[in-house]
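In my numbering, the protein residues as written are 9 to 300.
The structure appears right after this line, and notes come after that.
Next comes the structure, spelled out in structure tokens:
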């Protein structure tokens, strides 16, 4: 596990991973052992003065994270499509496992903290190719779960995710999270403060000032209040909507047909949507998520 004694540096164009000693760096600074200065005048320490060990891991070392075991690290090898398990104190490779394909970043459990949890690693591969049923030119990317609890790594599971390329992620113990189940009724989720457009059941209303129509409405299972909104062509319409649900996970959605707007309204949350009524006709507004 990281102990503050070393720095691990790698780059895809070099097969080696370099481990630098923080103690040696401090000693070189104290002794004034610099080999040059950079263009901005910053002193440069010679590599040999600071290097602890250099390890040939493979082709394209990219990202390193750490195990709960002392001195054990895991580095992605982009060109080799592998993960290398190695000892950064002794400078030796312990194991390798092939992944599918062209891994970029990787993630061990709490692996970039001072107290990694170990046990599992996720390979964030840039290519999936033949691992999943093809769905078109854009393939889901392959995230592979690997067991690192023993001396030899073991592939456990392939998980497709619909994105072009995965990047840096972290994992923490779920017990550390204390998420809210619902908002206080009338909360603006962007500020975590009361929304000025919030109303309770029975307080719904519609007001017109010139060409501006403002609606204060509510959402509850199977019902949007008010049921109708009247506006004239050219009016600017503002709708404040409060989800009155108190039950967990009862999120409502809201949209107005053809007006290209949408709101996700979690329990207790108040949102505001705006549009210009620029077309004559009747346009349904309705719930797009959990509605009844």
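All C-beta atoms in this analysis are idealised placements derived from N, C-alpha and C, irrespective of residue type, glycine included.
The structure presented is a predicted model; accordingly, all values stated were derived computationally and were not measured.
- Between the beta-carbon of residue 269 and that of residue 281 there is about 5 angstroms, and that keeps the pair under the 8 angstroms contact cut.
- Distance from the CA of residue 75 to the CA of residue 156, rounded to the nearest whole angstrom, comes to 8 angstroms.
- Residue 54 has its alpha-carbon roughly 52 angstroms from the corresponding atom of residue 143.
- In the three-state reduction of the DSSP assignment, residue 285 falls in the strand class.
- Cβ-Cβ separation between residue 254 and residue 190: approximately 6 angstroms, consistent with a contact (criterion under 8 angstroms).
- Contact check between the segment 58-71 and the segment 21-31: three or more CB pairs, one atom from each, fall below 8 angstroms, which counts as touching.
- By the CB criterion at 7 angstroms, residue 125 and residue 152 fall outside the cutoff.
- Residue 115 sits buried, since 16 or more C-beta atoms from the chains shown fall within 10 Å of its C-beta.
- Its chain contains 28 as the residues whose beta carbon lies nearer than 6 angstroms to that of residue 15, once the 5 sequence neighbours on both sides are disregarded; these appear in chain order.
- Of the residues 267, 263, 259, the one whose Cα lies closest to the Cα of residue 273 is 259.
- Taking the CA atoms as reference points, residue 236 sits about 12 angstroms from residue 264.
- Assignment of residue 35 by DSSP, reduced to helix, strand and coil, places it in the helix class.
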